[in-house]
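Start counting the sequence shown at 59; every next residue gets the next number (our numbering). Glycine included, each C-beta is placed from N, C-alpha and C at the ideal position. Remember, it's a predicted structure, so these values are computed and weren't measured experimentally. These notes are about the structure you will find just below.
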Amino acid sequence: MLPRTPLFQAAKTFTSKPRGARKPAIPLIAPLPLYRQLLRAHRKHLDPDRRSLGDMYIKSEFRLHKDIQDPLQIVGFLSQWQKYLEMIKGDTWRQEKLDLSVLQKMSDEQIVQLYELMQAAQDEKSEYGVFDDLTDKR
Numbered sequence: 059m060l061p062r063t064p065l066f067q068a069a070k071t072f073t074s075k076p077r078g079a080r081k082p083a084i085p086l087i088a089p090l091p092l093y094r095q096l097l098r099a100h101r102k103h104l105d106p107d108r109r110s111l112g113d114m115y116i117k118s119e120f121r122l123h124k125d126i127q128d129p130l131q132i133v134g135f136l137s138q139w140q141k142y143l144e145m146i147k148g149d150t151w152r153q154e155k156l157d158l159s160v161l162q163k164m165s166d167e168q169i170v171q172l173y174e175l176m177q178a179a180q181d182e183k184s185e186y187g188v189f190d191d192l193t194d195k196r
């Protein structure tokens with residue numbers, strides 16, 4: 059049985075329907091199955107260091123957003139995590155760059171959080187010697 063938090067309740071009411079010339083939207087996955095699929099994708103597609111960082115981030119974000127009431131926020135939250143899941147499964151995340159339009163829509167708090175995540179990822183890389191081979195080439 060799914061928890062009775064606003065995120066789970068509101069997610070059940072949303073289905074994506076194509077409009078006009080837009081390409082058909084992917085139906086939203088319910089929060090709990092999406093959460094499980096994300097952790098499974100990390101286990102299958104990421105090395106242990108990235109998996110650890112990614113799992114901690116996913117768990118933190120889902121905990122922070124479990125009581126969201128705003129339907130637009132719920133749809134945005136689930137759809138962005140679903141896009142991320144597809145990138146991880148397709149292994150396209152290595153080449154992906156952050157879209158400027160997405161960055162412009164972020165709040166100051168989200169930008170700070172993104173910066174902190176970037177710093178944590180870079181600290182992990184330097185701790186495990188990921189940048190060592192890059193510094194030799196310069």
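Between the alpha carbons of Y93 and L136 lies a distance of about 10 Å.
Around the Cβ of A99, a 10 Å sphere holds 16 or more other Cβ atoms; the residue is buried. In this structure, K163 sits away from H103, with a CB-CB distance that is not shorter than 8 Å. The shortest CA-to-CA distance from S165 to any of Q131, M145, K141 is the one to Q131.
Around the C-beta of G134, fewer than 16 other C-beta atoms lie within 10 Å, and the residue is accordingly described as exposed. In this structure, the alpha-carbon of D128 lies about 23 Å from that of L143. If the five residues before and after Q177 are omitted, its C-beta is found closer than 7 Å to no C-beta atom of its own chain.
Boundaries of the alpha helix (DSSP H) harbouring S137: 129-148, taken from the DSSP string.
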